[in-house]
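Have a look at the structure below, then the notes.
There are 2 protein chains.
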Amino acid sequence: MATGTINVAIIGVGLVGTSVISQILSSPTLRHSLSIVSLQNSKNLLLLSSDSERSQISQETWKAKLASSEKPAPEPEELIKILQSISSASAAKHTVIVDNTSNDAVANAYPSFLSAGFSVVTPNKKAYSGPATLFSAIRTAQQSNPTALTYLESTVGAGLPIISTLKDLIATGDEIHKIEGVLSGTLSYIFNEWCPPSLDSTVKFSEVVKVAKEQGYTEPYPGDDLSGSDVARKLTILSRLVPAVAEAVPLPEGFASVATRSLTPAAMLAEEKTTGKNPDSYVSKLAAFDAEFDALREEAKKEGKVWRYVGVIDAQTKEVKASLEKYPATHPFAASLGGSDNIISFTTARYATRPLLVQGSGAGADVTAMGVVADLLKVAERRGV
Amino acid sequence: MATGTINVAIIGVGLVGTSVISQILSSPTLRHSLSIVSLQNSKNLLLLSSDSERSQISQETWKAKLASSEKPAPEPEELIKILQSISSASAAKHTVIVDNTSNDAVANAYPSFLSAGFSVVTPNKKAYSGPATLFSAIRTAQQSNPTALTYLESTVGAGLPIISTLKDLIATGDEIHKIEGVLSGTLSYIFNEWCPPSLDSTVKFSEVVKVAKEQGYTEPYPGDDLSGSDVARKLTILSRLVPAVAEAVPLPEGFASVATRSLTPAAMLAEEKTTGKNPDSYVSKLAAFDAEFDALREEAKKEGKVWRYVGVIDAQTKEVKASLEKYPATHPFAASLGGSDNIISFTTARYATRPLLVQGSGAGADVTAMGVVADLLKVAERRGV
């Protein structure tokens with residue numbers, strides 16, 4: 001692959017973005033094929049217009065250069081013009097936009113990016129788990145611009161090979177029967193602690209949530225994790241890749257259309273609606289429901305089972321749901337799982353009696369960035385050589 | 001992708017080859033991008049020289065046409081000439097040779113195939129687990145012909161995303177600490193039965209081998225599985241992909257250089273050398289050693305552990321070995337494993353405290369063919385568009 005085969009424009013330089021930049025800049029091989037031409041946060045844009053600017057940029061310098069840049073961060077349409085101009089002045093064969101934000105405005109611009117002939121690589125779940133209209137606009141833009149590719153491995157399970165595996169199963173003609181998994185690292189941690197496969201835990205549910213919050217495993221308001229919406233977003237993304245499910249369960253409002261069980265008790269949800277979200281009192285209010293959670297755990301224990309918060313896509317019952325389900329203590333979702341790992345199971349015509357399983361850390365800057373950079377290499381392989 | 005973007009020449013039409021052909025021919029999308037131009041078994045060659053021959057071939061007709069073909073199966077050098085001639089007469093952008101044999105002669109021809117500019121996709125372990133000279137010739141041929149790609153996903157774990165995951169980890173700059181796994185479906189079955197995580201099995205080792213043989217899980221001579229050589233081959237393939245390991249543990253004779261524990265007792269191995277392999281008496285002779293296996297199992301049980309036959313690549317101790325190891329009954333290799341599943345665990349700088357795990361059926365015609373066809377699509381994506 002020639003030097004600077006692919007131009008890369010990076011939007012969002014938070015934890016994941018910083019790790020993406022670091023992975024690219026620290027590898028001479030990656031620098032040869034992936035040439036960073038722009039970096040932007042919500043305020044500034046750093047343009048690397050010339051070959052010498054691009055070759056001089058380093059892990060030590062980019063942050064200061066971006067911070068001191070006097071160019072304001074452009075709107076998407078303006079960014080497209082800038083990248084078109086860079087592209088025509090460079091020897092690059094293709095341009096990829098990497099969206100490391102969790103921003104709706106950037107997600108909404110994907111159809112424009114693709115229509116301009118650029119590819120999009122992203123860990124941002126917003127575009128693919130949003131309304132069907134946006135997803136459909138992305139599909140249409142991509143179909144009418146065959147050079148524009150979209151890769152989204154790290155939207156589900158970060159660097160774990162989940163989306164690529166699902167795509168390979170479908171492309172080679174396998175029939176998806178069921179996809180089932182623990183898809184939230186936060187909820188994985190909470191349930192592994194509260195309901196371990198040894199069945200001997202006596203810790204209170206609210207206590208586990210409290211520790212998870214203190215250790216930074218949850219969002220500032222734990223109810224945002226306990227709502228299940230993150231799982232519903234990932235389910236939306238996966239289900240849209242399975243043609244039979246996408247047709248039967250169209251999810252017009254995206255993740256908001258997924259049947260989703262909230263772990264926040266109904267009384268607290270009702271209160272939340274009137275008083276708003278209070279991060280400081282969430283756990284103490286949750287403690288009032290510990291006896292109900294205790295009873296739930298006891299019910300499962302009697303059957304030798306544990307509870308897990310899972311996402312389920314069932315192609316046979318045409319069901320997509322984020323829910324609380326019981327599994328035998330010997331099931332991989334109980335016995336093999338630990339920490340804040342994600343685990344996903346594909347039951348298909350070929351993997352019928354025993355599913356294909358992928359397990360591992362499904363969140364964190366470095367593994368998410370790995371999914372992004374691996375996707376960038378796939379675009380480079382398809383467009384750069 | 002245009003019709004017939006990629007010409008596909010298939011060598012070997014046994015179980016896996018038949019399934020590869022079936023997966024391609026039963027999907028209109030795959031037929032559009034993957035155009036089968038030749039089929040051959042050890043006797044005959046069926047050439048599909050024209051567009052109309054290629055479009056008329058079907059799952060119902062190919063076997064009879066191949067059987068009745070009067071063209072003898074060509075030697076590799078002759079096949080290259082035939083494919084060059086077809087390639088120049090067709091609109092195809094590239095030609096891929098699929099080797100579904102377990103034949104050394106075909107494996108030895110990969111450097112010639114690649115030097116001719118063809119890609120190679122294969123589930124045949126022979127080339128990549130053989131002598132370092134062959135592996136190095138393949139590398140050299142590929143480097144001097146950048147259009148020639150090699151894909152070998154299905155040599156390890158069939159359709160499971162093992163090699164692609166390892167490649168992504170390395171390409172994005174992760175540091176491999178350890179790769180460890182149950183890589184033989186046959187040995188997985190035998191140990192899951194003989195030494196289950198419940199620790200309560202009393203079945204004799206030879207009895208389990210007997211059942212495995214009767215059910216067709218083993219080679220005709222079970223000692224071929226119990227030798228561990230299949231695991232050693234897979235380890236060779238994986239270790240050659242990890243630069244630090246490949247340098248430190250060069251394996252000049254390929255799998256034959258891997259430290260490999262045979263499960264066949266030493267006394268039987270000595271006898272085998274003089275009397276040869278006798279499939280009919282193997283199990284009854286093995287029964288004489290059941291007490292030793294019982295004692296071994298008892299030893300692990302006292303520690304709450306089970307035995308598993310695993311492959312280990314340790315980048316830190318610079319060790320590549322196929323061996324018998326003890327794991328706690330709660331370890332995924334014990335608790336999560338079942339049937340004849342493969343499981344592989346990647347411990348890396350990024351997946352340090354908890355490894356990345358891939359598990360599922362690692363053998364069988366359909367899942368092996370899936371790995372082959374997914375690889376073909378990757379070649380098509382890189383060469384066809």
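Chain order of the listed sequences is A and B. Following UniProt numbering, the residues of the first sequence are numbered contiguously, the last one being 385. Following UniProt numbering, the residues of the second sequence are numbered contiguously, the last one being 385. Cβ coordinates follow ideal geometry from the N, Cα and C atoms, glycine included. Given the structure is predicted, the values throughout are model-derived calculations rather than measurements.
1. Using a Cβ distance threshold of 8 Å, determine whether the region 250-258 of chain A contacts the region 275-288 of chain A, with at least three qualifying pairs required.
2. Could you work out which residue in A:Lys213, A:Ser239 and A:Asn103 is closest to Glu319 (chain A) when comparing CA atoms only?
3. Quick check on DSSP: helix, strand or coil for Leu263 (chain B)?
4. My output table needs one value for Phe205 (chain A): the three-state DSSP class, helix, strand or coil.
5. As a quick exercise: from B:Asp230, B:Ala244, B:Glu271 and B:Leu269, pick the residue whose alpha carbon is nearest that of Gly254 (chain B).
6. Report yes or no: do three or more beta-carbon pairs, one from the region 177-190 of chain B and one from the region 299-312 of chain B, lie closer than 8 Å?
7. I'd like to know whether the C-beta atoms of Tyr151 (chain B) and Lys378 (chain B) end up nearer to each other than 8 Å.
8. Can you tell me which of the three DSSP states Asp280 (chain A) falls into?
9. Do Pro222 (chain B) and Val209 (chain B) have their beta-carbon atoms positioned less than 8 Å apart in this structure?
10. So, helix, strand or coil for Ser19 (chain A), using DSSP?
11. Roughly how many angstroms lie between the CA atoms of Gln143 (chain B) and Gly117 (chain B), to the nearest whole one?
12. CB-CB under 7 Å to Met1 (chain B), same chain, minus the five flanking residues each way: which ones, in chain order?
13. Whole angstroms are fine: how far does the CA of Glu303 (chain A) sit from the CA of Leu134 (chain A)?
14. By the 10 Å Cβ neighbour count, where 16 or more other Cβ atoms means buried, how is Glu180 (chain A) classified, buried or exposed?
15. Are the beta-carbon atoms of Asp341 (chain A) and Gly371 (chain A) separated by less than 8 Å?
16. Does the beta carbon of Val231 (chain A) sit closer than 8 Å to a beta carbon anywhere in chain B?
17. Enumerate, from N- to C-terminal direction, the unbroken beta strand (DSSP E) stretches of 3 or more residues contained entirely within the region 302-356 of chain B.
18. Please report how far the alpha carbon of Ile86 (chain B) lies from the alpha carbon of Ser49 (chain B), in whole angstroms.
19. What is the residue span of the alpha helix (DSSP H) that Leu160 (chain B) lies within?
20. Mind listing, in chain order, the continuous alpha helix (DSSP H) runs of no fewer than 4 residues lying wholly within the region 205-254 of chain A?
21. Looking at C-alpha atoms only, which residue of A:Ser22, A:Asp51 and A:Lys43 is the closest neighbour of Ile6 (chain A)?
22. What did DSSP end up calling Ala9 (chain B) once you bin it into helix, strand or coil?
23. Using beta carbons (cut-off 8 Å, strictly below), is Ser88 (chain A) in contact with chain B?
24. Quick one, which residues of the region 306-337 of chain A are near chain B if we go by CB-CB under 8 Å, in chain order?
25. In three-state terms, what does DSSP make of Lys93 (chain A)?
26. Do Lys63 (chain B) and Asn44 (chain B) come within 8 Å of each other at the CB atom, strictly closer than that value?
27. Using the C-alpha atoms, what's the distance from Lys126 (chain B) back to Asp174 (chain B)?
28. Residues of chain B with CB under 7 Å from Glu381 (chain A), in chain order?
29. Indicate the three-state DSSP secondary structure (helix, strand or coil) for Asp375 (chain B) in the structure shown.
30. Can you give me the C-alpha to C-alpha distance between Phe346 (chain B) and Leu357 (chain B), rounded to a whole angstrom?
31. If you follow the alpha helix (DSSP H) that Asn124 (chain B) is in, where does it begin and where does it stop?
32. Using the C-alpha atoms, what's the distance from Glu214 (chain A) back to Arg382 (chain B)?
33. Just to confirm the assignment, what range does the alpha helix (DSSP H) spanning Val106 (chain A) have?
34. Tell me whether the beta-carbon of Val106 (chain B) lies closer than 8 Å to the beta-carbon of Ile237 (chain B).
35. Going by CA-CA distance only, name the one from B:Ser206, B:Ser26 and B:Ala73 that's closest to Leu39 (chain B).
36. When the cut-off is 8 Å and only beta carbons count, does Ser154 (chain A) lie next to chain B?
This is what the structure holds:
1. Here the region 250-258 of chain A does not lie against the region 275-288 of chain A, with fewer than 3 beta-carbon pairs under 8 Å apart.
2. The residue with the shortest Cα to Cα distance from Glu319 (chain A) is A:Ser239.
3. When secondary structure is reduced to three states using DSSP, Leu263 (chain B) falls in the coil class, being assigned neither helix nor strand.
4. It is helical.
5. For the residues B:Asp230, B:Ala244, B:Glu271 and B:Leu269, the minimum Cα distance to Gly254 (chain B) belongs to B:Asp230.
6. When Cβ pairs closer than 8 Å are counted between the two stretches, the region 177-190 of chain B is seen to touch the region 299-312 of chain B, the count reaching three or more.
7. With respect to the 8 Å criterion, Tyr151 (chain B) and Lys378 (chain B) are classified as neighbours on the basis of their beta carbons.
8. Reduced to three states, the DSSP call for Asp280 (chain A) is coil.
9. By the CB criterion at 8 Å, Val209 (chain B) and Pro222 (chain B) fall inside the cutoff.
10. Helix, per DSSP.
11. Our two residues, Gln143 (chain B) and Gly117 (chain B), have alpha carbons roughly 11 Å apart in a direct line.
12. At Met1 (chain B) the pLDDT is 42, less than 50, meaning the model places this residue with poor confidence and gives no usable figure here.
13. Between Leu134 (chain A) and Glu303 (chain A), the C-alpha separation is close to 44 Å.
14. Here Glu180 (chain A) is buried: its Cβ has 16 or more other Cβ atoms, across all protein chains shown, within 10 Å.
15. No, the Cβ-Cβ distance between Asp341 (chain A) and Gly371 (chain A) is not below 8 Å.
16. No - not a single Cβ of chain B is within 8 Å of the one on Val231 (chain A).
17. DSSP runs (the beta strand (DSSP E)) wholly in the region 302-356 of chain B: 305-314, 319-328 and 341-348.
18. Ile86 (chain B) and Ser49 (chain B) have their C-alpha atoms roughly 6 Å apart.
19. Looking at the DSSP string, Leu160 (chain B) is not in any alpha helix (DSSP H), and its letter there is neither H nor E.
20. Every unbroken stretch of the alpha helix (DSSP H) spanning 4 or more residues and falling wholly within the region 205-254 of chain A is given here in chain order: 205-214, 223-226, 229-239 and 243-248.
21. Of the listed residues, the one whose Cα sits closest to Ile6 (chain A) is A:Asp51.
22. It is a strand residue.
23. Contacts with chain B at 8 Å (Cβ-Cβ) do not include Ser88 (chain A).
24. Within the region 306-337 of chain A, Thr330, Pro332, Ala335 and Ser336 place their CB atoms closer than 8 Å to a CB of chain B, listed in sequence order.
25. In the displayed model, Lys93 (chain A) falls within coil according to three-state DSSP, outside both helix and strand.
26. The answer is no: Cβ separation not under 8 Å.
27. Looking at the backbone, the Cα of Asp174 (chain B) and that of Lys126 (chain B) are separated by about 28 Å.
28. Per Cβ cutoff of 7 Å: Arg382.
29. When DSSP states are grouped into helix, strand and coil, Asp375 (chain B) belongs to the helix group.
30. Looking at the two C-alpha atoms, the distance is approximately 6 Å.
31. First-last for Asn124 (chain B): undefined, no H or E at that position.
32. Taking C-alpha positions only, Arg382 (chain B) is separated from Glu214 (chain A) by approximately 47 Å.
33. For Val106 (chain A), the uninterrupted alpha helix (DSSP H) segment begins and ends at Asp104 to Asn108.
34. Not closer than 8 Å, so no.
35. Minimum Cα distance to Leu39 (chain B) is reached at B:Ala73.
36. No, Ser154 (chain A) does not count as interfacial toward chain B.
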